[in-house]
Amino acid sequence: MPPTEISPDLQGRLLVLQQAEITGYQTYLKLADITKDAHNRETLRKIAGQEHRHYQTWKQYTGRDIQPEMGQVRFFFWVARLFGLTFAIKLMEKGEEAAQAAYRDLLQVIPEIEEILKEEERHETELIDMIDEESLKYIGSVVLGLNDALVELTGTLAGLTFAFQNTQVIALAGFITGISASLSMATSEYLSTRASSEGDQNPVKSALYTGIAYIFTVLFLILPYLLVSNYLICLVWTLVNAILTIAVFNYYISVAKDLPFRRRFSEMAGISLGVALLSFLIGVVVRTVFGINV
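With the numbering used here, you'll find the sequence shown wraps up at 344, consecutive numbering, no jumps.
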């Protein structure tokens, strides 16, 4: 039974936890509504029910009704819409970890905490088991297309920048090179997947994921050369775009697949920028030795 009186400090902490639970309840219900898989949908609703029971437990101590943080509910709803259910749930898990730490601080005060902790810790296992998103099955194909485009085209644009020093020519050459390379990569991925003995991926879908990732990366990298006339500014902007792409993609992977962010980001950024620097130097040599002037 809850105590008849609790300190203002403890009540404040419980109110925070209470709102987190009711917000989680509403969020899981929202995600369940947009989940097509019946098993996944039922699991989300089950977890939502657990969150609501936790909310009722805190309400016994605070004696207050708390409204959910609807901004947070809408945030995770749109994250799931835009980036997939897996990514949204993994982000929510990070909040669950913080909540579990807060629960452990209250173990000596509130007896119900131990059972709530057990349920919270079960969330992660249940959520991981339920996830079966097509996009994650083909994440290797996306990595292949994006990584190859970043390394190859960043280097190509850096080399062309000093060799030609004409943004329109650089953009055209980069675009032609990029589109040709994307078709080549998509074809290679199709043949590789088709020849694979695993058979758990569709060769056409693998090729599409690789090719689309490549093309979008190409367009993002050559964009500065279409908007600015100063070729050096374009090169710097392109390098910033490359680093931004690497950071965003690796953050997505680190959350969705529970992989380390810093090491993967540093490795990928180092390779891309290293190739770009080498290509830029080659462009300087080519322009100087052959006297190319466009």
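Don't be surprised by glycine CBs; every beta carbon is placed ideally from N, CA and C.
C-alpha gap between residue i and residue j, whole angstroms
{"i": "T227", "j": "Y301", "result": "28 Å"}
{"i": "R172", "j": "I229", "result": "47 Å"}
{"i": "L241", "j": "S256", "result": "10 Å"}
{"i": "F127", "j": "Q251", "result": "28 Å"}
{"i": "S234", "j": "S191", "result": "13 Å"}
{"i": "L258", "j": "Q117", "result": "44 Å"}
{"i": "Q218", "j": "W287", "result": "15 Å"}
{"i": "V290", "j": "G324", "result": "14 Å"}
{"i": "A319", "j": "I296", "result": "7 Å"}
{"i": "E202", "j": "F266", "result": "14 Å"}
{"i": "G99", "j": "V193", "result": "37 Å"}
{"i": "L156", "j": "L94", "result": "27 Å"}
{"i": "Y111", "j": "E169", "result": "19 Å"}
{"i": "E162", "j": "E92", "result": "26 Å"}
{"i": "M120", "j": "L79", "result": "13 Å"}
{"i": "F125", "j": "V339", "result": "56 Å"}
{"i": "G224", "j": "L200", "result": "12 Å"}
{"i": "G205", "j": "R314", "result": "19 Å"}
{"i": "I189", "j": "F299", "result": "11 Å"}
{"i": "L294", "j": "L309", "result": "18 Å"}
{"i": "L81", "j": "R312", "result": "29 Å"}
{"i": "V278", "j": "T243", "result": "40 Å"}
{"i": "K307", "j": "T136", "result": "9 Å"}
{"i": "N216", "j": "A231", "result": "22 Å"}
{"i": "V66", "j": "V159", "result": "16 Å"}
{"i": "S322", "j": "D59", "result": "51 Å"}
{"i": "A138", "j": "K109", "result": "27 Å"}
{"i": "F270", "j": "L222", "result": "14 Å"}
{"i": "S115", "j": "I272", "result": "Note on identity: in this sequence residue 115 is Asp, with Ser being the wrong assignment. Whole-angstrom Cα-Cα distance: 54 Å."}
{"i": "L64", "j": "T85", "result": "31 Å"}
Span of the alpha helix (DSSP H) around residue i
{"i": "T77", "result": "P58 to D83"}
{"i": "N197", "result": "I189 to F214"}
{"i": "Q121", "result": "Here residue 121 is Gly; the residue named in the question, Gln, does not match the sequence. Note, G121: alpha helix (DSSP H), M120 to F133."}
{"i": "R95", "result": "A88 to T112"}
{"i": "P274", "result": "P253 to L277"}
{"i": "E162", "result": "It is not in any alpha helix (DSSP H) - E162 carries neither H nor E in the DSSP assignment."}
{"i": "Q218", "result": "T217 to A245"}
{"i": "L289", "result": "Y281 to K307"}
Classification of residue i by the beta-carbon crowding that lies within 10 angstroms, buried from 16 upward
{"i": "L331", "result": "exposed"}
{"i": "P365", "result": "Residue 365 falls outside the range modelled here, since the chain spans only 51 to 344, and no answer is possible."}
{"i": "M142", "result": "buried"}
{"i": "D83", "result": "exposed"}
{"i": "V123", "result": "buried"}
{"i": "E317", "result": "exposed"}
{"i": "V198", "result": "The sequence shown places Asp at residue 198, rather than the Val named in the question. By the 10 Å Cβ count, D198 comes out buried."}
{"i": "K140", "result": "buried"}
{"i": "V268", "result": "buried"}
{"i": "V254", "result": "exposed"}
{"i": "T237", "result": "exposed"}
{"i": "G62", "result": "exposed"}
{"i": "V305", "result": "buried"}
{"i": "G195", "result": "buried"}
{"i": "A88", "result": "exposed"}
{"i": "L328", "result": "exposed"}
{"i": "G209", "result": "buried"}
{"i": "E239", "result": "buried"}
{"i": "A213", "result": "buried"}
{"i": "T54", "result": "Because the pLDDT at T54 is just 46, under 50, the model does not fix this residue reliably, and the value given afterwards should be weighed accordingly. The residue is exposed, with fewer than 16 neighbouring Cβ atoms inside 10 Å."}
{"i": "E165", "result": "exposed"}
{"i": "V245", "result": "Strictly speaking, residue 245 in this sequence is Ala, with Val absent from that position. So A245 ends up on the exposed side."}
At least three beta-carbon pairs within less than 8 Å, the segment 257-264 to the segment 279-294: Touching, no, given that fewer than three Cβ pairs across the two stretches are closer than 8 Å.
Given 8 Å, three or more beta-carbon pairs between the segment 101-113 and the segment 67-74: Cβ pair count under 8 Å is three or more, so yes.
Cβ pair count under 8 Å reaching 3, the segment 131-144 against the segment 59-72: Per the Cβ contact rule, the segment 131-144 is not in contact with the segment 59-72 (fewer than 3 Cβ pairs under 8 Å).
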